[in-house]
Amino acid sequence: MSEKGKSLWGDAWLRLKRNRLAMVCLGLVVLFTALALYGEVVYRYHDWKDISPAYQKTNLDLAYQAPSSEHWMGTDGLGRDVMARLIQGVRIAYKVGIITSLIAIPIGVILGCLAGFFGGKVDDFIVWLYSTFASMPGLLFILAIAMVVPDNGLLGIYLGIGLTTWVGLCRLVRGEVIKHKEQTYVQAAKALGLGSGRIIFKHILPNISHVIIVTFSLRFPAAVGTEVIMSFLGIGVQGEPSWGLMIDSARMRLWQGMWWEMTFVTLAVFLLVLAFNLLGDALRDALDPRLND
Amino acid sequence: MMDSNPILKVSNLNIHFGSGDDLVKAVDGISFTVGRGETVALVGESGSGKSISSLALTKLAPRAAKYVAGEIHFNGQEMLSLSDRELRQIRGSQISYIFQEPMSSLNPVFTVGWQIKEAIGLHQKGVDRKSEIIRLLDVVHLPQRLATAYPHEMSGGQLQRCMIAMALACSPDLLVADEPTTALDVTVQREILNLLAELSEKVDLSILMITHNFGIVSDLADRVYVMQKGRIVEEGTTHKVLYEPQHEYTKQLMAAVPRLHPKPPASFTIENAKEGE
Amino acid sequence: MISNESKVKTLLKVDGLNVIYGHKKEAVHAVKDVSFYIKPGEIFGLVGESGCGKSSLGKAMVRLVDPASGRIGFKEANVAQLKGRALQEYRREVQMVFQDPYGSLNPRMKVGHAITDVLTVHRIGKNMEERRERVTELFEAVGLEPDWAWRYPHEFSGGQRQRICIARALALNPDLLVADEPVSALDVSVQAEILHLLKELRITRQLAFLFISHDLAVVRNLCDRVAVMYNGEIVEMGDVSKVIDHPQHEYTRTLLAAVPSF
Ligand SMILES: Nc1ncnc2c1ncn2[C@@H]1O[C@H](COP(=O)(O)OP(=O)(O)OP(=O)(O)O)[C@@H](O)[C@H]1O
Ligand SMILES: Nc1ncnc2c1ncn2[C@@H]1O[C@H](COP(=O)(O)OP(=O)(O)OP(=O)(O)O)[C@@H](O)[C@H]1O
Ligand SMILES: [Mg+2]
Ligand SMILES: [Mg+2]
């Protein structure tokens, strides 16, 4: 049970540690993170040395080879090793998933909290703001930003996706905060002289953390999907292997019996999303003291 | 008054929380019965396991609770061995609850009228729900306008009366009332108690009443169980327990009952109640 | 009826207070033109019909609902105009125990932390260690196992939660405690202990109370003066022995007649 002085987060970690499945998922997430970091290092190194990395090596003689002991996941249409590219692709998937979340989630949470808690003019303004954002076609907006921001399109994509996808979370958080604001424990905190910032972020936020966690685990695959479309439209990743591009190119060949590229990339996406979702669920439960035993 | 075929028979119930150093024996081997049409009061120390044992009757105790041992027979069925589905059918149609903390037991996002409607709708088909809601509100002395109010717009006592209305909506066989009138003024409390007495008389409603108020016990209950630290320390007819208490703890409780008109040479002062601890 | 005996300075003085919820057609006039005063160290009881506006009145005292009109004076200040630091200071001096103990505790915060949090905000105690000690002290004072402070609210019984709320309200050493049915979930013996504690505090610390209750016997034993509310108005007010032993108003008589006897 709970130890003396441990906070909610400390308790949640203890509980999470006892959850086998959650730990396996955490392991997977750590593995993917390590691969992403590895990919970044490899990319930077080759970029700096100005040489072509192994995963870019084309060899048309080896095109469309089925998985073998040499190429565990086979090769693609240009004879490049699918596994190498898959691993390298983690980097982009991660960046798109995580960086866009790091942009969208704080915006959504903070604006949602402020709107819900203070109401009145603040609320009107924030509701106006997100209605405006919501009424703009997201793809167009991303395209516009991507055009303006350089850095081979990637930064543009992060900003574009990040700045368009906070609206849903903001709405949810606002609604939850409005609900919690009426509850006696918030009233009691006010009567005890606690400031608004403390009430919002220390008292209300832990009670609505599930909304944020669920949103995070749902937006990850969505972000990867958007990246696919972006790459497809030619403003995303150029040249570097990304899961989006790989799925897109494999799609064409699938009916010709080249199943491996599609299979392994989809599997990787599936594993990553599954790990995040299961971990998110476990974390959500661990953060609810009423569910512990 | 003892019933040879009681509607509820609990034997040797044990419920624990935690384990190791943190083990809490919230309910430590209690047995009690409630006869048909009988009103039984469960009184005792704060934290002695009254609420937990009453919730356990339909396995509603918090998730962390471990049913270590015991049997609960209701209407001939053993409750602890029933499936969730079977339990759901019993909850609210045969056994209904008035929870201890009415203000935290109602759903904050629905109007109370809607919540009462749910309570009716779930278990009674083919009644005119609208007029039934109005009737129920009237029974607990609430104005009709409150049907459209949300819980946070109501006073503590009004919420408590909504809970009572919901509990009565489904005409249960056994009503478990956990401190049902703590937020009510004595006039409304009297009306509610009269209503319960009437139901117990007319339709053989059995009542398990948890309360700290000995006035209510003496008015309503046929028999009393006294709990302390997870155990039942004394039981008997109301008159016997209230006027000829045997156990030390019961005596101490009786001595601590606040009196509206203290007798001049009161044998009780707060000081000697403390010493009795 | 008031103020012939108010030679001692009053702590709290309420004049012509009105609380109205909602607008126009749907407005609920919960508190109607209520005036009373409380002296330092005095226990002022408030009894009345369920839904007559007692909690609303209590919440107005701690600025959780804004009165439609009327004045609340505390010491020298006009409570309605307090802002910023002055309001925070006021909230240290005037505490409230809510009618709904479970609801007034944050479900995701250990009850001990709920108390240390408040102490931190008001800069009481030099470090965490001292604040923890204060929690232990408070828990002992209300008859709870100090180790239990590091549990979540749902792990307690109704009466235990009620005592936690009392402990939290006392943590800041207030001058006035608005106690909304603070002992309704306690067995009579624990109740006697808590009432004893409250009586002690009024003597040692000059703590004054607005004590809202349905239990007339408790009010009779604890309070100095009492007001009877009916339908938003105070219909009778005076020394507790006078009001309870010789009720003047019709409603007070009905109320007293309905007390279950034992
Ligand atoms: N989830 C939990 N985890 C650990 N202990 C718990 C939990 N829920 C209840 N308890 C403990 O079980 C004991 C019995 O609780 P219960 O609510 O039945 O008391 P009660 O007799 O209803 O008291 P009261 O009159 O104060 O409501 C208490 O000591 C309480 O602290
Ligand atoms: N937020 C609100 N919005 C609208 N009406 C409200 C609100 N809060 C309370 N009321 C109404 O105001 C009246 C007074 O409520 P209050 O909570 O002050 O009563 P009370 O005297 O404390 O009653 P009880 O003894 O039942 O707790 C009630 O009729 C209630 O329905
Ligand atoms: Mg209880
Ligand atoms: Mg109230």
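Chains A, B and C supply the protein sequences, listed in that same order. For the first sequence, this note's numbering begins at 362 and goes up steadily by one. For the second sequence, this note's numbering begins at 1149 and goes up steadily by one. For the third sequence, this note's numbering begins at 147 and goes up steadily by one. Note that CB positions come from ideal geometry on N, CA and C, so glycine has one too. Keep in mind it's a predicted model, so treat the numbers as computed, not measured.
Keeping to the same chain, check which residues put their C-beta closer than 6 Å to that of Ala647 (chain A); ignore five residues upstream and five downstream.
-> Within the same chain, Ala647 (chain A) has close Cβ partners Ala373, Arg376 and Leu377.
Ser1253 (chain B) beta carbon near ligand 3 (any heavy atom closer than 7 Å) = No, Cβ of Ser1253 (chain B) sits at least 7 Å from all heavy atoms of ligand 3.
Return the residue from the list C:Val334, C:Ile270, C:Tyr248 and C:Arg254 that minimises the CA-CA distance to Arg238 (chain C).
-> Taking only the C-alpha atoms, the option nearest Arg238 (chain C) is C:Ile270.
Assign Lys367 (chain A) to one of three DSSP states: helix, strand, or coil.
-> Taken through DSSP and simplified to helix, strand or coil, Lys367 (chain A) comes out as coil.
Leaving aside the five residues before and after Leu439 (chain A) along the sequence, list all residues of the same chain whose C-beta is less than 6 Å from its C-beta, in chain order.
-> Thr419
Through-space distance from Glu622 (chain A) to Val443 (chain A), alpha-carbon basis = 6 Å
Do we get a CB-CB distance below 8 Å when we pair Leu644 (chain A) with the residues of chain B?
-> no
With DSSP run on the structure shown, which of helix, strand or coil describes Ser1199 (chain B)?
-> helix
Should Trp370 (chain A) go down as buried or exposed, given a rule of 16 or more other Cβ atoms within 10 Å for buried?
-> exposed
Boundaries (first-last residue) of the alpha helix (DSSP H) holding His259 (chain C) = Val257 to Val267
So which residues of chain B does Glu195 (chain C) contact, with C-beta pairs closer than 9 Å?
-> What Glu195 (chain C) touches in chain B, judged by beta-carbon distance under 9 Å, is Gly1305, Asp1333, Thr1335 and Val1336, going in chain order.
Please state whether DSSP places Phe577 (chain A) in a helix, a strand or coil.
-> Reduced to three states, the DSSP call for Phe577 (chain A) is helix.
Verify the CB distance criterion: does His300 (chain C) have a CB-CB separation below 8 Å to chain A?
-> Taking 8 Å as the CB threshold, His300 (chain C) lines the interface with chain A.
Is the beta carbon of Glu1301 (chain B) within less than 7 Å of some heavy atom of ligand 5?
-> Absence of ligand 5 from the depicted structure is noted, with ligand 1, ligand 2, ligand 3 and ligand 4 being the only ligands included.
Min CB distance Leu369 (chain A) to chain B below 8 Å | no
At a cut-off of 7 Å, is Glu327 (chain C) close to ligand 1 when judged by its beta-carbon and the heavy atoms of the ligand?
-> no
Might you give, ordered along the chain, the residues of its own chain that have their beta carbon closer than 7 Å to the beta carbon of Asp161 (chain C), omitting 5 neighbours on each side?
-> Only Ser181, Gly216 and Arg217 meet the Cβ criterion.
Report yes if the C-beta of Lys367 (chain A) is less than 7 Å from at least one heavy atom of ligand 3; otherwise report no.
-> At a cut-off of 7 Å, the beta-carbon of Lys367 (chain A) does not count as near ligand 3: no heavy atom of the ligand is closer than that.
If Ala584 (chain A) sits next to Gly458 (chain A), beta carbons under 8 Å apart, how far is it from one beta carbon to the other, in whole angstroms?
-> 5 Å
Could you tell me which residues DSSP puts in a beta bridge with Arg1239 (chain B)?
-> B:Ile1243
Leaving out the 5 sequence neighbours to the left and right, which residues in its chain are closer than 8 Å to Trp489 (chain A) when beta-carbon positions are compared?
-> none
Compare the Cα-Cα distances from Pro253 (chain C) to each of C:Pro299, C:Ser303 and C:Ile349 and report the closest residue.
-> C:Pro299
Residues near Asp484 (chain A) by beta carbon distance below 7 Å, same chain, minus five either side = Closer than 7 Å at the Cβ level, and outside the excluded window around Asp484 (chain A), lie Ala476.
Contact set for Val365 (chain C): own chain, Cβ-Cβ below 8 Å, skip 5 residues either direction = Gly191, Val193, Phe357, Ser359, Val372, Val386 and Ile390
Proximal residues to Met1311 (chain B) (C-beta, below 8 Å), its chain only, five neighbours per side dropped = So the qualifying residues of the chain are Ile1246, Phe1247, Pro1250, Ser1253, Leu1254 and Pro1328.
Cβ-based burial, Gln1292 (chain B) [other Cβ within 10 Å; buried from 16] | Gln1292 (chain B) is exposed by the Cβ-count criterion.
With DSSP run on the structure shown, which of helix, strand or coil describes Met1375 (chain B)?
-> strand
Extent of the continuous alpha helix (DSSP H) run through Arg405 (chain A) | Arg381 to Lys410
What are the residues of the region 237–255 of chain C that lie near chain A, defined by any Cβ-Cβ distance shorter than 8 Å?
-> When C-beta distances to chain A are compared with 8 Å, the residues of the region 237–255 of chain C below that value are Arg237, Arg238, Gln241, Met242, Phe244, Asp246, Gly249, Ser250, Leu251, Asn252, Pro253, Arg254 and Met255, in chain order.
Please name the residue, chosen from A:Phe631, A:His571, A:Glu601 and A:Asp422, that lies closest to Ile407 (chain A) on a Cα-to-Cα basis.
-> In the sequence under discussion, the amino acid at residue 407 (chain A) is His, which differs from the Ile named in the question. Of the listed residues, the one whose Cα sits closest to His407 (chain A) is A:Glu601.
Considering only heavy atoms of ligand 3, list every residue whose Cβ is less than 5 Å from one of them, following chain order.
-> Every residue passing the under-5 Å Cβ criterion appears here: B:Ser1199, B:Gln1248, C:Ser303 and C:Gly304.
State the start and end residues of the unbroken beta strand (DSSP E) segment that holds Lys1157 (chain B).
-> Leu1156 to Phe1165
Roughly how many angstroms separate the alpha carbons of Arg405 (chain A) and Leu632 (chain A), rounded to a whole number?
-> 26 Å
Return the residues of the region 1352–1376 of chain B that lie within a Cβ-Cβ distance of less than 7 Å from chain A, sorted by chain order.
-> none
Throw me the rounded Cβ distance for the Asp1321 (chain B) and Asn1160 (chain B) pair, which I believe falls under 8 Å.
-> The pair is not a contact, with the Cβ atoms about 23 Å apart (cut-off 8 Å).
Specify the secondary structure class of Asp361 (chain C) as computed by DSSP and reduced to three states.
-> coil
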